Amino acid sequence: MKKLALHWKILIGMTLGIIWALVSSSMGWSQFTINWIDPFGTIFINLLKLIAVPLVLFSIISGVANIGDPSSLGRMGGKTLGIYLVTTVMAISLGLLLVNVVKPGKLIDEQSRIDNRISYEIWADSQGYEIKDGINYLQDPAFFKRAQEISQLSNSELKEAAVADKMESVKNKKDTTPLQPLVDIVPSNFFYSLSSNGLMLQIIFFAVFFGVCLLFIPSEKSKPVLNLVDGVNEVFLKMVDVVMQAAPFFVFALLAGVVSKMAGDDIGKVVEIFKGLSWYSLTVLAGLLLMIFVIYPVILKLFVKKIPYSGFFKSMGPAQTLAFSTSSSAATLPVTMECVEQNLGVNKKVSSFVLPIGATVNMDGTSLYQAIAVIFLAQMHMIDLTIAQQVTVVLTATLASIGSAAVPSAGLVMLIIVLDSVGLNPAWIAIIFPVDRILDMFRTVVNVTGDATVCSIIADGEGMLDYKDHTNPTETFDLDS
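Encoded structure:
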């Protein structure tokens with residue numbers, strides 16, 4: 002086992018965690034797993050989040066201040082945001098293409114779709130929304146009795162606790178203006194921003210601002226500050242090394258807890274959950290896997306000739322497996338930075354600037370899933386969205402993905418905003434709750450892979466990429482020893 006690479010150890014831990022959860026479920030031990038094993042998975046994510054926020058802060062300050070030339074900083078920042086935006090639009094477009102070709106929502110039985118359609122019309126009428134396609138089932142006498150039955154059920158469904166909690170987080174937001182996203186980037190209290198994982202953009206703003214100001218003061222005054230920043234940064238990187246030694250065990254606990262919570266003491270529940278949403282899940286998975294294994298490698302090969310296909314995935318293996326198990330780009334960020342710097346040969350000046358920004362604004366997996374989810378939910382409610390409405394989905398999903406926190410299931414909350422933008426019921430997110438966590442794992446792998454791809458492209462363009470095709474790459478956290 003000691004000779005195995007870290008990502009293989011993590012994969013073994015994940016597999017054993019799933020097996021343990023299924024065995025404990027069949028033996029009636031799920032509560033034991035949830036009470037005594039799952040907490041170690043929570044500890045793991047908390048440890049990574051603990052490291053992620055200060056690492057982002059000190060890495061960006063160090064990266065910006067060490068660039069030396071303010072003009073190169075502006076050039077690098079513009080290219081970074083531009084490429085991230087392009088890949089996000091590509092991801093959403095791929096999602097829309099797949100969902101319109103496969104039509105997973107139309108593969109559900111006809112009677113269920115009719116019931117869903119009646120529920121939608123009842124909701125739209127109560128909210129004052131116009132019916133999207135002009136067809137009104139409520140005015141058809143053939144559906145009058147069924148409409149009465151569904152009307153009584155729909156009120157209780159809309160009050161479902163899990164949905165209500167997530168909708169409340171959106172409703173309670175203060176009144177916004179068109180420039181509110183810009184206002185939200187600038188913190189009024191930086192120490193409050195540090196205390197919240199949802200305010201990562203504010204931390205990045207402060208770090209960039211601080212680093213830029215260091216560029217404009219005399220070196221004799223900035224050097225002690227830079228030495229302090231670099232020293233603290235090294236401490237947090239060492240913390241990553243220490244935590245990653247126990248990653249296989251933590252991942253075992255994490256996966257065991259996730260599956261146990263889904264299954265309870267009935268394995269059949271897991272089977273039924275995935276059977277009902279199988280076509281939707283397969284469509285999302287197809288899009289996510291295309292992004293990972295086709296779109297990103299093609300983009301990388303177009304701009305960076307020296308990194309081979311297999312070399313890229315071998316280099317990023319530890320980060321990708323950790324992203325899959327934690328479902329958090331922020332939690333995976335420290336390991337992503339290690340892989341990009343040690344294995345892909347990206348200069349620390351680039352990685353410390355590009356990757357923290359990517360972990361916050363580059364949510365390709367989330368935006369692809371949001372596009373598919375919205376159209377799927379519309380299809381299963383017998384609603385045909387026009388091209389214009391689907392373009393609205395693209396634009397809203399792009400902005401929503403940028404605003405998503407880099408934590409598990411944050412995209413589900415953002416999906417409420419996307420659904421509302423095209424006049425669909427936000428409570429429908431309850432339909433895709435059961436499979437969201439599993440799909441979230443794959444979405445996070447897409448996000449992390451995209452971050453590494455863009456980082457490599459930026460580094461190569463700046464002449465700061467020194468990739469060497471190692472047969473057995475070694476990292477500071479002992480990937481292959």
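Going letter by letter, the sequence shown gives residues 2 to 482 in my numbering. Built from N, CA and C at the ideal position, the CB exists for glycine as well. Note that the structure is a prediction, hence the values are computed from the model and not measured.
Could you work out which residue in L291, K302, D110 and I62 is closest to A208 when comparing CA atoms only?
Taking the first residue of the sequence shown as position 1, residue 208 is located at position 207. For A208, the nearest C-alpha among the options comes from I62.
Buried/exposed call for D470, threshold 16 Cβ in 10 Å:
Counting from one through the sequence shown, the residue named residue 470 turns up at place 469. With fewer than 16 other Cβ atoms within 10 Å, it is exposed.
Would P319 and M245 be called neighbours here (beta carbons separated by less than 9 Å)?
Position 318 of the sequence shown, counted from the first residue, corresponds to residue 319. Position 244 of the sequence shown, counted from the first residue, corresponds to residue 245. Contact: yes.
Helix, strand or coil at V347 according to DSSP, with G and I counted as helix
For the purposes of this step, residue 347 is identified with residue 346 of the sequence shown, where counting begins at 1. Strand.
Would you mind giving the Cβ-Cβ distance between V1 and Y85, rounded to the nearest angstrom? I have them listed as a contact below 8 Å.
Examination of residue 1 is not possible in this model, given that the chain is present from 2 through 482 alone.
Would Q371 be called buried (16 or more neighbouring beta carbons within 10 Å of its own) or exposed?
For the purposes of this step, residue 371 is taken as the residue at position 370 of the sequence shown. Looking at its Cβ environment, which holds 16 or more other Cβ atoms inside 10 Å, Q371 is buried.
Taking only runs of the alpha helix (DSSP H) that begin and end inside the segment 253–338, which ones reach a length of at least 4 residues, in chain order?
Complete alpha helix (DSSP H) runs here, min 4: 268–277, 279–291, 297–304 and 310–327.
For E342, does the count of other Cβ atoms within 10 angstroms reach 16, so buried, or fall short, so exposed?
Position 341 of the sequence shown holds residue 342. Buried, by the Cβ-count rule.
Tell me, which residues are paired with L466 by DSSP?
Within the sequence shown, numbered from 1, the residue matching residue 466 stands at position 465. Within the DSSP bridge table, the entry for L466 names V347 as partners.
Out of V455, F41, S120 and R114, state which residue places its alpha-carbon closest to the alpha-carbon of M383.
Along the sequence shown, one-based indexing puts residue 383 at 382. Closest option to M383, Cα to Cα, is R114.
In whole angstroms, what separates the C-alpha of V347 from that of P309?
The residue labelled residue 347 in the question sits at position 346 within the sequence shown. The residue labelled residue 309 in the question sits at position 308 within the sequence shown. Straight through space, the alpha carbons of P309 and V347 are spaced by roughly 15 Å.
Option nearest F192 by Cα separation, candidates I204, D421, I186 and G424:
As a working note, residue 192 is residue 191 in the sequence shown. Checked all of I204, D421, I186 and G424; the closest Cα to F192 is I204.
K222 at chain B interface by Cβ criterion, 9 Å:
No chain B appears in this structure, which consists of one protein chain only.
Could you check where the alpha helix (DSSP H) with W429 kicks off and where it finishes?
Position 428 of the sequence shown, counting from 1, holds the residue named residue 429. Taken as a continuous stretch (DSSP letters only), W429 belongs to no alpha helix (DSSP H), as it is neither H nor E.
N-terminal and C-terminal residue of the alpha helix (DSSP H) that G232 is part of
Mapped onto the sequence shown, residue 232 falls at position 231. Per DSSP, G232 belongs to the alpha helix (DSSP H) from S220 to Q246.
For M465, which residues of its own chain have a beta-carbon under 6 Å away from its beta-carbon, when the five flanking residues on both sides are left out?
The count along the sequence shown starts at 1 and reaches residue 465 at position 464. Answer for M465: N348 and V351, listed in chain order.
Exposed or buried, what is M28 when buried is set at 16 or more other beta-carbons lying within 10 Å of its beta-carbon?
In the sequence shown, counting from the first residue as 1, residue 28 sits at position 27. Classification for M28: exposed.
Could you give the first and the last residue of the continuous alpha helix (DSSP H) run that contains S189?
Stepping through the sequence shown from its first residue, residue 189 is reached at position 188. Per DSSP, S189 belongs to no alpha helix (DSSP H) and is neither H nor E.
I'd like to check one pair, V103 with A287: are the Cβ atoms closer than 9 Å?
Numbered from its first residue, the sequence shown carries residue 287 at position 286. Numbered from its first residue, the sequence shown carries residue 103 at position 102. Yes, Cβ-Cβ distance for A287 and V103 is below 9 Å.
Could you give the first and the last residue of the continuous alpha helix (DSSP H) run that contains I109?
In the sequence shown, the residue the question calls residue 109 occupies position 108. That residue, I109, is in no alpha helix (DSSP H); it is neither H nor E in DSSP.
Along the chain, where does the alpha helix (DSSP H) containing I132 start, and where does it finish?
By one-based count along the sequence shown, residue 132 stands at place 131. No alpha helix (DSSP H) contains I132, which DSSP labels as neither H nor E.
Leaving out five residues before and five after L256 in sequence, what residues of the same chain have Cβ atoms less than 6 Å from its Cβ?
As a working note, residue 256 is residue 255 in the sequence shown. Non-local C-beta neighbours of L256 in its own chain, meaning closer than 6 Å and more than five positions away in sequence, comprise M15, G18 and I19, ordered along the chain.
Can we say the segment 453–465 touches the segment 293–303, given the rule of at least three CB pairs closer than 8 Å?
These segments touch.
Once you ignore the five residues that flank G96 on each side, which residues in its own chain have a CB closer than 6 Å to its CB?
As a working mapping, residue 96 is identified with position 95 in the sequence shown. The residues are G288, L369, A372 and I373.
Going by the beta-carbon positions, is the gap between V423 and V355 smaller than 9 Å?
For the purposes of this step, residue 423 is taken as the residue at position 422 of the sequence shown. For the purposes of this step, residue 355 is taken as the residue at position 354 of the sequence shown. Against a cut-off of 9 Å, the Cβ pair of V355 and V423 comes out as no contact.
Thinking C-beta only, is T454 closer than 9 Å to Q321?
Start at 1 with the first residue of the sequence shown, and residue 321 comes out as number 320. Start at 1 with the first residue of the sequence shown, and residue 454 comes out as number 453. Between Q321 and T454, the C-beta gap is not smaller than 9 Å, which leaves the two residues out of contact.
Closest by CA to V243, which one among F45, W37 and L23?
Taking the sequence shown and counting its residues from 1, the one referred to as residue 243 is at position 242. Nearest of F45, W37 and L23 to V243, Cα basis: F45.
Measuring only the C-alpha atoms, how far is V419 from M364?
The residue given as residue 419 occupies position 418 in the sequence shown. The residue given as residue 364 occupies position 363 in the sequence shown. Their backbone Cα atoms lie some 15 Å apart in a straight line.
Quick test of your reading: L278 and V436, contact by CB under 8 Å. State the CB separation rounded to the nearest angstrom.
Taking the sequence shown and counting its residues from 1, the one referred to as residue 278 is at position 277. Taking the sequence shown and counting its residues from 1, the one referred to as residue 436 is at position 435. About 5 Å separates the two Cβ atoms, so the contact holds.
Check each candidate in Y281, F313 and S282 and name the one with the smallest Cα separation from I293.
To locate residue 293, count along the sequence shown from 1; it is residue 292. Selected option, being the one with the closest Cα: F313.
Can you give the beta carbon distance from E339 to M77, rounded, assuming they're within the 8 Å contact cut?
On the sequence shown, position 338 is the one that residue 339 refers to. On the sequence shown, position 76 is the one that residue 77 refers to. With a Cβ gap of about 21 Å, E339 and M77 do not count as contacting.
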